[in-house]
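Below is one structure; the comments refer to it alone.
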Amino acid sequence: MKSRLDKLLVEKGFCRTRSQARDIIKLGRVKINGKVHVKPGTLINRNCDISVERRKYVNRAAEKLEHALKKLSIVFESRTVCDIGASTGGFTQVALMHGARKIYAVDVGKGQLADEIRKDKRVVVLERVNARYLSRNLLGERVDIVLCDVSFISVVKVLPAIRSILKSDGNALVLVKPQFEVGPEYLHHGLVQDFSKHREAIMSVVFEALQNGLNACNIVTSDLPGANGNFEYFLHLSSSHELNIITEEKVIEVINAARKMHRGELL
875 MKSRLDKLLV EKGFCRTRSQ ARDIIKLGRV KINGKVHVKP GTLINRNCDI SVERRKYVNR
935 AAEKLEHALK KLSIVFESRT VCDIGASTGG FTQVALMHGA RKIYAVDVGK GQLADEIRKD
995 KRVVVLERVN ARYLSRNLLG ERVDIVLCDV SFISVVKVLP AIRSILKSDG NALVLVKPQF
1055 EVGPEYLHHG LVQDFSKHRE AIMSVVFEAL QNGLNACNIV TSDLPGANGN FEYFLHLSSS
1115 HELNIITEEK VIEVINAARK MHRGELL
């Protein structure tokens, strides 16, 4: 007798929910009889040998970033980084693993950062700091790279602060979440189901970034969905004007790729 792989992982106690099971399958962390399987809907013999690679990150956001970096040209080695919306420290952890020299972990909350991240001497913890008011004076320097993952506000509101702390040849990687960029009237159970609104949300961030002296030079889909299954997008911004700005056609191409990935998940 065969069962869906995601369902089988829950039944055998590897995961608490099918959503969690789908995530780890798509990340290539599940092996069936020694072979990696990446489709949650694959029908598997219930008596087969299943192994799951242990999670090495402090949170799910780290896995999102790690996979995005495989598609983007951002170098952390010996760089100074600011992680806006650090939370438990997933993005900070990835930057550390990639050789960052120093990281400012900024969050409006307090006490969320994982101990292993907090204790790292390369990390400067800035808690109870509203990212909209972040400045070079607060940090005492400009940084090479900004990582940004904020929720419940539009990322557009943080763009002026990002530009103010970036060096003239700096890079920012911003997670664009359509559910926080569009109005509540476009949400259905927390989901932005109209993909034309994804395009509008992304292009709005691209335009506002340009108004703040930041070029949107690349965009990729997050391999893992956000809350409620929303698609999210990593937007690569640069304070250098030597890089070309992405086109609307490129944005549409990436959105279509996200839709294709979603259909694959349902197989």
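According to the working numbering, the sequence shown is numbered sequentially starting from 875.
Ideal Cβ positions, reconstructed from N, Cα and C, are used throughout, including at glycine.
In this text, all values refer to a predicted model and were calculated from it rather than measured experimentally.
State the Cα-Cα distance for the pair residue i and residue j, rounded to the nearest angstrom.
| i | j | result |
| --- | --- | --- |
| V1030 | V1056 | 12 Å |
| F1105 | L1047 | 16 Å |
| Q967 | D880 | 28 Å |
| R1002 | I898 | 32 Å |
| E885 | H911 | 17 Å |
| A1035 | A1005 | 7 Å |
| A1132 | H941 | 14 Å |
| C1091 | L1111 | 6 Å |
| L917 | N907 | 14 Å |
| S1096 | K995 | 29 Å |
| T1121 | S877 | 43 Å |
| R896 | L946 | 24 Å |
| G1064 | G1103 | 9 Å |
Which term fits residue i, buried or exposed, when burial requires 16 or more other beta carbons within 10 angstroms of its beta carbon?
| i | result |
| --- | --- |
| C1022 | buried |
| G1014 | exposed |
| P1099 | buried |
| C889 | buried |
| Y1007 | exposed |
| F1026 | exposed |
Report the three-state DSSP secondary structure of residue i (helix, strand or coil).
| i | result |
| --- | --- |
| S1112 | strand |
| K913 | coil |
| S925 | strand |
| I948 | coil |
| K976 | strand |
Here's a check: name, in chain order, each residue in its chain whose Cβ is nearer than 8 Å to the Cβ of residue i, leaving out the five neighbours to either side.
| i | result |
| --- | --- |
| S961 | N933, A935, D981, G983, Q986, L987 and D1023 |
| V1125 | R1073, I1076, M1077, V1080 and I1093 |
| S1009 | A1035, S1038 and I1039 |
Tell me which same chain residues have a C-beta within less than 6 Å of the C-beta of residue i, skipping the five on either side of it?
| i | result |
| --- | --- |
| R1037 | N1086, G1087 and L1088 |
Within the same chain, show all residues whose beta-carbon is closer than 7 Å to that of residue i, passing over the 5 residues directly before and after it, in chain order.
| i | result |
| --- | --- |
| K1071 | P1052, V1056 and Y1060 |
| E1082 | V1030 and L1033 |
| query | Quick one: complete beta strand (DSSP E) runs, 3+ long, within the stretch 994–1052? | reply | Segments of the beta strand (DSSP E) lying fully in the stretch 994–1052: 997–1001, 1017–1022 and 1040–1050.
Complete alpha helix (DSSP H) runs within the stretch 1061–1122 (minimum length 4 residues, chain order): Fully enclosed alpha helix (DSSP H) runs of 4 or longer: 1069–1085.
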